[in-house]
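Below is one structure, written out as structure tokens, with a few remarks after it.
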């Protein structure tokens, strides 16, 4: 018996976790595993790049989660600098390009772990030197190399990555401007909660421009970016950072006829098998998944999902059984002293899902009010009208605030109502929470609001 | 129409929350509310006493959650220094003793919020001067007054309160010995997890004696405690602290024929009405409740439950509808740099409940391993054999560890299996968690252990 071959395209979280899991179940004599990646690194934490640039993480090596030697020990053959340029499903081959030119690799099973690419706005100058993305370690290295000569940085987009990078630039002493097209930064939150983040960003000395669209990146005589042009003004820049998020990298898959969904991500079943081809699997930032609250397809590129999906794909490829259960849209970040978290649906998402909702926001403290280190925490809950089912939650606060989102994510997962939520047995001691945890207070007030709303409906009918 | 009277016995969390909630729904013209308490304070945070003694909380006033003036504004008549000494259900009266002697107060509705009393061991010298409990603010003040003359403190009992007080004494520079009868301190955890706490306690310079029972408290010529005598030795002490926990204060209720359960707490229904008398309600540290995992009656004196139960009682008394849904046994504390948390059943509890279980313990970090401030966290899960249903969880770790217990408490509440738990969409970013949150790693390993256990069962049968 000759060994079958598992080919993995993209040697990061999704693909390499799949490879490792498959190897755990099937020895090299039965399954050869080859992973190709056009980049210079395998298995790294892209989420750590802003902290590397900012200086909190000292060395790029710290961001590399597994080395090539570790993969080699597992009999996983990782080929870097090797780009997959063609996929022939009928023939079962992938065309790769490396230093020796192009050649074909056959496969019995294929994992698409092609990840994401930064969104580049369709404006003049977007590709000019001096304009950076933050997707790969090479991107991070390029930004770090540019810092010593830069005094002024402009960040396009005030989402997670944009604000994390803006903070990193402040730590290097740069004058930083963030240009956000929406009414508030952090559009992953409702605008009222995003406003709290905006205040903190301005408090760091960052110039925050709200409701301004970038129309061009102006270049100098040397072709390098020299300013960001918006609908309102021109902002001189020695360094321009694109923080507009990412989109799934699916060109290879789509060209081969693999189904891509409404979100732009590859469509898979719960076992991470593509909808189009039984031997082709996909995991990580290139796939779409399902939102367990709206039940709609969503695209949520996040390392934690990539790892879970890769694990599921690898178990199934290795002859086991596992499923990825979807997401509820949980995310967290830290901007200066502010912790920011969200899960579930925003107001606008609930509207899109055709749900009627009641929003409630409460302010509290992270510890007993009298305990040293008690910090402010603002919790917003969105509950369905009448039923009181929790639909979404957002938290903005200081130290100790954000991780509370996990309770709300778990509540969403279990389709709890805010009334049920208010009865939860959450931990209490003065160094950790007030006697009513902020989550419980928010749940109580949310249920009160649901009841008042019902009464108002009846009154208006009479 | 003359106003009815709501009488509340015990002016702390359970009773006063009931009073406030009833008042919100019924004006003073219809409902007179009188609360009596034998002590000098109403509505205070007993959980804060160790931090007041230790110095983290500066003033006793910080521990008083609501003042008499605030209650007066709500038309709630709080009478301190007034002890309830008799209850006549048939007559609908309570006999109280105050500075003016004894008299009777009639009631239409009665709330028993009589709280708890410290467990005093039945040994010689237990009541001697120099032996302190930690239940009331007066207790705290007495300990504080004793500190300047004390060099050596002995704490009897290594549970939450015992260890919190031991740490407070260390902060005052005392030489501290903790005597624990069990194999490890913190018997609210399994011994393997308690051992981690024991190591930290010894690391603080505290002498920890395990497996030693206290047989007497020796007194000097002045009648004051001068040493703690154990099965092994005699330990000189200038100050003895009883940290043996509390028991429900139910003498008044039991004498009147109100049903007291197997745990010693007053039995109520989910609306907090006593099982014995429709006009008598009870809330807080004097009641027993139901454990949602074992479905057994349990006694869990904790401020957060007292507040919830009082609120439920008050809403029902005021003509509304609310229920207290029981507990899952969540608790948290901080011992020096160590955070300790638990929820659900320990191994011994699962045995008692007749459940067969598999325990799994994993070590991880509170943040991404490469992120500054990443601290160790040990997570133990107990899952039911075969089904994989989560039964209990324990966490011991450093900064950022303990509040993760709330996710596990929420999972218990929803009867999740550890397999389901491992799929949860928990928040991830390097400052807050590794890409696999410790809870997810623990859940995955726990499910692996459940599956291996099933296989072992089959193998042993063949």
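Residue numbers (our numbering), protein chains in the order written: chain S, 33 to 494; chain G, 33 to 494. For each residue, glycine too, the CB sits at the ideal point set by N, CA and C. Bear in mind the structure is a predicted one, so any value in this text is a computation, not a measurement.
- Apart from sequence neighbours up to five positions away, the residues of its chain that approach residue 134 (chain G) with a beta-carbon distance below 8 angstroms are 117, 127, 128, ordered along the chain.
- Counting C-beta atoms within 10 angstroms of its own C-beta, residue 376 (chain S) has 16 or more neighbours from the protein chains shown and is therefore classed as buried.
- Annotated three-state conformation of residue 389 (chain S) is strand, per DSSP.
- Partner residues in the beta bridge of residue 130 (chain G), as assigned by DSSP, are G:133.
- For residue 139 (chain G) against residue 265 (chain G), the beta-carbon gap comes to about 52 angstroms, at or over 8 angstroms, which does not count as contact.
- Here DSSP, grouped into helix, strand and coil, assigns residue 220 (chain S) to coil.
- Listed in chain order, the positions of the stretch 455-467 of chain S with a beta carbon within less than 8 angstroms of a beta carbon of chain G are 455, 456, 457, 458, 459, 460, 461, 462, 463, 464, 465, 467.
- Residues of the stretch 346-357 of chain G with a Cβ closer than 9 angstroms to any Cβ of chain S, in chain order: 355, 356, 357.
- For residue 407 (chain S), the secondary structure class from DSSP, reduced to helix, strand or coil, is coil.
- Proximity of residue 437 (chain G) to chain S, defined by a Cβ-Cβ separation below 8 angstroms, is satisfied.
- Excluding five sequence positions before and after residue 184 (chain G), the CB atoms of its chain that fall closer than 7 angstroms to its own CB belong to 206, 207, 268, 269, 270, given in chain order.
- Not a single C-beta of chain G is nearer than 8 angstroms to the C-beta of residue 318 (chain S).
- Between residue 71 (chain G) and residue 112 (chain G) the beta-carbon gap is near 6 angstroms, inside 8 angstroms, which marks them as a contact.
- When the five nearest sequence neighbours on each side are left out, the beta carbons in the same chain lying within less than 6 angstroms of the beta carbon of residue 239 (chain S) are those of 209, in order along the chain.
- Rounded to whole angstroms, residue 316 (chain S) and residue 150 (chain S) show a C-alpha spacing of 15 angstroms.
- 400, 402, 403, 404: these are the residues of the stretch 394-418 of chain S whose beta carbon lies less than 7 angstroms from some beta carbon of chain G, given in chain order.
- Residue 345 (chain S) sits away from residue 389 (chain S), with the two beta carbons spaced by 8 angstroms or more.
- Sequence-distant partners of residue 395 (chain S) (beyond 5 residues in either direction) whose C-beta falls short of 7 angstroms from its own C-beta, in its chain, are 408, 410.
- Contact check for residue 362 (chain G) and residue 441 (chain G): beta-carbon distance about 4 angstroms, within the 8 angstroms limit, so the pair qualifies.
- Among the residues of the stretch 75-93 of chain S, those with a Cβ less than 8 angstroms away from any Cβ of chain G are 77, 79, 80, 83, 88, 89, in the order of the chain.
- The beta carbon of residue 131 (chain S) is closer than 8 angstroms to those of 113 in its chain, skipping five residues each way along the sequence.
- Taking C-beta atoms as the reference points, residue 161 (chain G) and residue 257 (chain G) count as a pair closer than 8 angstroms.
- Taking CB atoms only, residue 281 (chain G) has no neighbour in chain S less than 8 angstroms away.
- Judged by pairs of C-beta atoms under 8 angstroms, the stretch 155-170 of chain G does not touch the stretch 324-338 of chain G, as fewer than three such pairs exist.
- In chain order, 460 make up the part of chain S whose C-beta sits under 8 angstroms from the C-beta of residue 334 (chain G).
- Under the 8 angstroms criterion on CB atoms, residue 434 (chain G) is classed as interfacial with respect to chain S.
- Around the C-beta of residue 62 (chain G), fewer than 16 other C-beta atoms lie within 10 Å, and the residue is accordingly described as exposed.
- With contacts defined by Cβ atoms closer than 8 angstroms, residue 438 (chain G) and residue 439 (chain S) form a contacting pair.
- Proximity of residue 366 (chain G) to chain S, defined by a Cβ-Cβ separation below 8 angstroms, is satisfied.
- Rounded to the nearest angstrom, the Cβ distance from residue 175 (chain G) to residue 211 (chain G) is 17 angstroms, too far for a contact under 8 angstroms.
- Any Cβ of chain G closer than 8 angstroms to the Cβ of residue 95 (chain S) would place that residue at the interface, and such an atom is present.
- Using a CB distance below 8 angstroms, no part of the stretch 288-322 of chain G faces chain S.
- Residue 41 (chain S) sits away from residue 108 (chain S), with the two beta carbons spaced by 8 angstroms or more.
- By the C-beta density criterion, residue 470 (chain S) is buried, having at least 16 other C-beta atoms within 10 angstroms.
- When only Cα atoms are considered, residue 298 (chain G) and residue 321 (chain G) end up about 9 angstroms apart.
- Below the 9 angstroms Cβ cutoff, chain G contributes 456, 457, 458, 459, 460 as neighbours of residue 362 (chain S), in chain order.
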